[in-house]
Amino acid sequence: MSWAKLKPVIYMILGFAIAWLLTKLLSSLQNALIIGLMPFIGLLHELLHLVASIAVKASYKFTLNGLFIGFKIVVKNVRDFIIIALMPQILSVLFLILFLMLNSNMALALMLIHVAISLEDLNKATKYLASLSP
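Heads up: the sequence shown begins at 108 in my numbering, then just goes up one per residue.
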């Protein structure tokens, strides 16, 4: 089965799983706070892509196409693409550290949400990493 056919199914399963997890682990107030933080996290995610794009001197263009909000990036090599694609995972690592240090279910939920919204980046980076292997 191709990724294009499997992707919507994975997104739906992740969406339901994360929603179920949030209702089990968090209070209503925490759930509302997470929903309020999601646009900020998305903006920070895209900002980290931008910072990485500038750092590797890639050409980029901001785009808004339906539900897709992000950057179209032209890179010189695969290494630059991987750097740009994975830079926002700093947020996932930060949320994981907060979860481990504070035992905060809210930090765990934010990490899971961020990983879920990063699936496209992670998938492409993994594909290109695999192509670099000898």
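Each residue gets a CB set at the ideal place from its N, CA and C atoms; glycine is no exception.
Should residue i and residue j be called a contact, given that it needs their Cβ atoms to be closer than 9 Å?
i	j	result
residue 224	residue 149	yes
residue 117	residue 239	no
residue 193	residue 232	yes
residue 140	residue 213	yes
The ligand GDP and residue i: does any heavy atom of the ligand fall closer than 8 Å to the residue's C-beta?
i	result
residue 115	With respect to small molecules bound, the structure shown includes none, and the ligand GDP cannot be examined in it.
Please classify residue i as buried or exposed, where buried requires at least 16 other C-beta atoms within 10 Å of its C-beta.
i	result
residue 146	exposed
residue 169	exposed
Determine the direct distance from the alpha carbon of residue j to that of residue i, and round the result to whole angstroms.
i	j	result
residue 164	residue 132	42 Å
residue 242	residue 229	Examination of residue 242 is not possible in this model, given that the chain is present from 108 through 241 alone.
residue 207	residue 216	12 Å
residue 198	residue 179	21 Å
residue 202	residue 221	9 Å
residue 114	residue 121	11 Å
Below 8 Å on the Cβ atoms is my contact criterion, and I expect residue i with residue j to pass it. Report the Cβ-Cβ distance as a whole number of Å.
i	j	result
residue 191	residue 156	6 Å
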